[in-house]
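Quick notes on the structure that follows.
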Amino acid sequence: MFLSTFKTLVLATYISQASASCGYGTILQPRAENGTVKVNNFGYIGSTGPANWIALDPAANALCSNGKRQSPINMVPGSVSVVPGAELAMTIPDMPEGTEFENLGTTVEVVAKGGNMSFGGVQYSLQQFHFHLPSEHLDNGTSMAMEVHMVWQGAAGQVAVTGFFVDLNDGANGGGAPVAAAGKKRSSLQERRLATRQEQEQQPAEGSNNTKLPELEGAFFHVNAPQSGAMKSSTLLETVLGSVDAIAKPGTVTKTQPLVMSELVQALSSGSFQTYEGSLTTPPCTEGVRWLVSNQKMSIQTSTFLKARSVIGFNSRFPQNVPGQNNILSINSS
Ligand SMILES: [Zn+2]
């Protein structure tokens, strides 16, 4: 109730913003009321890519280059606090009527129709979830096939993101039957190199956003939760991504089939989350975002992944420094 009132108030201020991002549908970037899908003006390659996001709007995007608590990061077990999933008391209602599935140009996003969780004494409501390919956070040095970001907002404008990794599993017979095999971490710690970037036509950034998120208080140390979770095949992701080719063009929207959310909620609640305070992984790279990265990996079939990849392409910001350390881009330019 408060949220809708609040949203109405801030819409007047931020409606002109053109760039939707990981924070789309939150106080940072409210969703357009008329149902149109805004297409992003930042990119992932060349002059519009993450090494140069600051140039798109130097004032609004300053934290992208000089912020010291930026996301994503390499999630190394033992380096961040761990919270048992059940402590979030996450609930997300099923969506028997389906929901909107949008192509924002830089990701594809599912609009939420309710959902609650609590963390650090803050009640959050689910706004949307979207996909990154490959994963933005690294799983102990390894990128995964995809990463899903579930974006939550508190009544006072706090933003939290629950993230989980998605990998490929076609099952024993290639048929994509549910598989309960335990996920095993690969030991490779090779650092990912940034691909050579192709120059892309640069578009001017419209609007700016210096909105600061409220401080989150408290320390979150729960060290008894398991570090390594199982990998579970995801009917939810198969259903959502099954219609991804209907939104192949940026700015388009379709309706999903009925979505059963309980499978995902149960999986995430049965595991644990690594948590740290970071940022949006897209411009304006706003800090103060509470990250909760699940140890529960979900899997999809290779054919589903290929469909998603043909639409999403590449949308992963490079790993940032350990929270608190100088931004790698400010180190390079000094
Ligand atoms: Zn994201």
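The sequence shown lines up with residues -20 to -1, 1 to 314 when you count with mature numbering (1 follows the signal peptide of the UniProt record, and there is no 0). Backbone N, C-alpha and C define an ideal beta-carbon position, used for all residues, glycine too. Since this is a predicted model, take the numbers as computed values, not measurements.
Got a sec? Which residues, its chain only, sit under 8 Å from residue i by beta carbon, not counting five neighbours each side?
| i | result |
| --- | --- |
| isoleucine 227 | Phe81, Glu82, Asn83, Val88, Val233, Thr234 and Val291 |
| glycine 78 | Lys235, Thr236, Gln237, Pro238 and Leu239 |
| residue 317 | The requested residue 317 does not occur in the structure, where the chain is confined to residues -20 to 314. |
| leucine 106 | Ile72, Ala92, Gly94, Gly95, Asn96, Met97, Met130, Val131 and Trp132 |
| cysteine 44 | Pro30, Trp33, Ile34, Gln50, Pro263, Pro264, Cys265 and Leu309 |
| glutamine 305 | Lys48 |
| methionine 241 | Ile72, Pro73, Asp74, Met75, Gly95 and Leu216 |
| asparagine 190 | Bear in mind that a pLDDT of 43 at asparagine 190, under 50, signals an unreliable position, so the number given afterwards is only what the model happens to contain. So the list reads Ala39, Ala40 and Pro264, once near-sequence residues are dropped. |
Cβ of residue i versus every heavy atom of ligand 1: is any distance shorter than 8 Å?
| i | result |
| --- | --- |
| cysteine 2 | yes |
| threonine 261 | yes |
| histidine 112 | yes |
| valine 141 | yes |
| glutamate 267 | no |
| glutamate 116 | yes |
| threonine 87 | yes |
Quick one: what's got a C-beta closer than 6 Å to residue i's C-beta in the same chain, skipping five residues either side?
| i | result |
| --- | --- |
| threonine 284 | Glu218 and Leu221 |
| methionine 75 | Lys93 and Leu239 |
| serine 98 | Ala69 |
| leucine 248 | Gly65, Ser274 and Gln276 |
| arginine 11 | Gly5 |
| lysine 229 | none |
| leucine 148 | Ala125, Thr282 and Phe285 |
| glycine 251 | Gly65, Gly209, Ser274, Asn275 and Gln276 |
| valine 17 | Glu82, Gly231 and Val233 |
| threonine 142 | Met130 and Leu272 |
When the distance is taken between beta carbons, is residue j closer than 9 Å to residue i?
| i | j | result |
| --- | --- | --- |
| asparagine 46 | leucine 309 | yes |
| valine 91 | glycine 3 | no |
| phenylalanine 144 | glutamine 254 | no |
| methionine 130 | serine 213 | no |
| phenylalanine 95 | isoleucine 7 | According to the sequence shown, residue 95 is glycine rather than phenylalanine. The answer is no: Cβ separation not under 9 Å. |
| glycine 258 | proline 52 | yes |
| alanine 288 | valine 224 | yes |
| phenylalanine 22 | threonine 262 | yes |
| glutamine 50 | glutamine 281 | no |
| valine 146 | glutamate 127 | yes |
| glycine 293 | tyrosine 24 | yes |
| valine 63 | leucine 272 | yes |
Per DSSP, residue i is paired with what?
| i | result |
| --- | --- |
| glutamine 108 | Val91 and Val131 |
| glycine 258 | Val269 |
| valine 139 | Gln133 |
| glutamate 80 | Lys235 |
| leucine 118 | Asn54 |
| asparagine 96 | Thr71 and Ser105 |
| aspartate 147 | Ser279 |
| methionine 126 | Val146 |
| lysine 212 | Met278 |
| glutamine 9 | Tyr4 |
| serine 252 | Pro64 |
Leaving out the 5 sequence neighbours to the left and right, which residues in its chain are closer than 7 Å to residue i when beta-carbon positions are compared?
| i | result |
| --- | --- |
| glutamine 108 | Tyr4, Gly5, Glu89, Val90, Val91, Ala92 and Val131 |
| asparagine 41 | Trp33, Ile34, Pro263, Pro264 and Cys265 |
| glutamine 103 | Asn96, Gly134 and Ala135 |
| valine 60 | Gln254, Thr255 and Tyr256 |
| threonine -16 | Low local confidence applies: a pLDDT of 38 at threonine -16 is under 50, so the model's placement there is unreliable, with the coordinate-based value given in what follows. Nothing listed; no residue qualifies. |
| leucine 118 | Asn54, Met55 and Pro299 |
Kindly say whether residue i, judged by its beta-carbon, lies nearer than 9 Å to any beta-carbon of chain C.
| i | result |
| --- | --- |
| serine 274 | Protein chains in the displayed structure number just one, and chain C is not present. |
> Which ranges would you report for the beta strand (DSSP E) in the segment 260 to 306 if only whole runs of at least 3 residues count?
Replying inline: 267 to 274 and 277 to 280
> What beta strand (DSSP E) runs, 3 residues minimum, are completely inside the segment 18 to 71?
Replying inline: 61 to 64
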